[in-house]
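*Asks:*
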Amino acid sequence: MKRETNHHNTCTLSMAVTSCFEKLTDDELKMLEENVVVVKYKRGENLCKQGTLASHIMYLCCGLAKIYMENESGSLILKVLPEGNLIGLSALLDGSHVFQYSAYAYQDSTVRLIDIRTFKNLIKQNPAFANEVINLLCENQIQLQTRFFAFTKKQSFGRLADTLICLACNIYKKDEFEFPLKRRELAELTGMTTESVIRSMSKLKSDGIIDMDGKTLKILDRERLQQISNFG
């Protein structure tokens, strides 16, 4: 899968899709396949837990995952990853043997667990593969920086509009889709209370900007929603 770069820099949803496996030789692909386990996760299950031993790198084949950090005072969402992304790359750092964050399945997801020693060996022996991994790390870092800059500057209504646009543009590629998040999860993602999300979604609907029918969301006025994202 080829990399796509997300130009909507404030988006919470990372679009740094990896193409690193295309750089492997046939022998390297065979070695990789011999050290991979495919696991299916149900919605709501943890893919990995912050602070636990990282014995593998995770490749999200399909699904949608929340990446977050947590401590005694609560949790903070770093980003949302669609399929085609790698999870756990920070565990490759020398001296680091644990996951630096947790991952949670927003949807039923399929993950390929790649033995971390095999992954490290591929980085050492294949410069093109290593370069793709570095590019992915850089893209993720840029996305995090711009995401948190916007998160501190935008009002809550703007953050909500931004998230809806991100889902439509970067994940589903259309203005009508099955909404994957519960109101509580959307509140957590946008830094709002659940009550504020419900009120804001109702206002967007009453203003004719979106429509909700069960779990199906439809953006009716993309231009006005973008204005709210930019200035709201």
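Take the sequence shown: its position 191, counting from 1, is numbered 191 in UniProt numbering, and each next residue is one higher.
Even for Gly, the Cβ is constructed at its ideal location relative to N, Cα and C.
Rounded to the nearest angstrom, what separates H97 and Y68 at their Cα positions?
*Replies:* Rounded to the nearest angstrom, the two C-alpha atoms are 18 angstroms apart.
*Asks:* Would you call Q143 buried or exposed, if buried means 16 or more other Cβ atoms sit within 10 Å of its Cβ?
*Replies:* Looking at its Cβ environment, which holds 16 or more other Cβ atoms inside 10 Å, Q143 is buried.
*Asks:* Find the nearest neighbour of F177 within the set L186, R183, L167, judged by alpha-carbon distance.
*Replies:* If we check each option's Cα against that of F177, L167 comes out closest.
*Asks:* What's the call for I219, buried or exposed, on a 16-neighbour Cβ count within 10 Å?
*Replies:* I219 should be labelled buried.
*Asks:* What does DSSP give as the partner residues of K218 in its beta bridges?
*Replies:* E176, D211.
*Asks:* Where do the N-terminal and C-terminal ends of the beta strand (DSSP E) with M201 fall, by residue?
*Replies:* Careful: M201 lies outside any beta strand (DSSP E), inside the alpha helix (DSSP H) at 194 to 206.
*Asks:* Using the C-alpha atoms, what's the distance from P180 back to I198?
*Replies:* C-alpha separation (whole angstroms): 15 angstroms.
*Asks:* Do you know offhand how far C62's Cα is from V111's?
*Replies:* Roughly 7 angstroms between the two C-alpha positions.
*Asks:* At a cut-off of 6 angstroms, is E185 close to the ligand FAD when judged by its beta-carbon and the heavy atoms of the ligand?
*Replies:* Ligands displayed in this structure: none; no statement on the ligand FAD is therefore possible.
*Asks:* Find the nearest neighbour of K40 within the set E22, L186, Y59, judged by alpha-carbon distance.
*Replies:* Ranking E22, L186, Y59 by Cα distance to K40 puts Y59 first.
*Asks:* Taking a contact to mean a Cβ-Cβ separation below 7 angstroms, would you say L160 touches T190 in this structure?
*Replies:* Yes; because the gap between Cβ atoms is below 7 angstroms, this pair is in contact.
*Asks:* Can you tell me the Cα-Cα spacing of K2 and C20, whole angstroms?
*Replies:* In this prediction, K2 scores a pLDDT of 41, lower than 50, which makes its location untrustworthy; the coordinate-derived value is nonetheless stated afterwards. Cα-Cα distance, rounded: 9 angstroms.
*Asks:* Is it buried or exposed for R184, if we count other Cβ within 10 angstroms and need 16 for buried?
*Replies:* It is exposed - the Cβ of R184 has fewer than 16 other Cβ atoms within 10 Å.
*Asks:* Please list, in chain order, all residues of the same chain as D213 whose beta carbon is under 6 angstroms from its beta carbon, the five residues on each side excluded.
*Replies:* Excluding positions up to five away in sequence, the list is empty.
*Asks:* Span of the alpha helix (DSSP H) holding S90?
*Replies:* Looking at the DSSP string, S90 is not in any alpha helix (DSSP H), and its letter there is neither H nor E.
*Asks:* Which residues does DSSP pair with N131 in a beta bridge?
*Replies:* Paired residue(s): none; N131 is not in a bridge.
*Asks:* Under 7 angstroms between the Cβ atoms of Y106 and L47?
*Replies:* Not a contact, by the Cβ cut-off of 7 angstroms.
*Asks:* What are the residues that DSSP puts in a beta bridge with G74?
*Replies:* Answer is N71, bridged to G74.
*Asks:* Can you list, in chain order, the residues of its chain with a C-beta nearer than 7 angstroms to that of N126? Leave out the 5 residues immediately preceding and following it.
*Replies:* These residues qualify, in order along the chain: K23, L24, E28.
*Asks:* Given that a residue counts as buried once 16 or more other Cβ atoms are within 10 Å of its Cβ, and exposed if not, what is F231?
*Replies:* Exposed, by the Cβ-count rule.
*Asks:* Are the Cβ atoms of S229 and D162 separated by less than 7 angstroms?
*Replies:* Yes, they are a contact pair.
*Asks:* Hey, could you find the ends of the alpha helix (DSSP H) D115 is sitting in?
*Replies:* Counting along the chain, D115 falls outside any alpha helix (DSSP H), though it belongs to the beta strand (DSSP E) covering 109 to 115.
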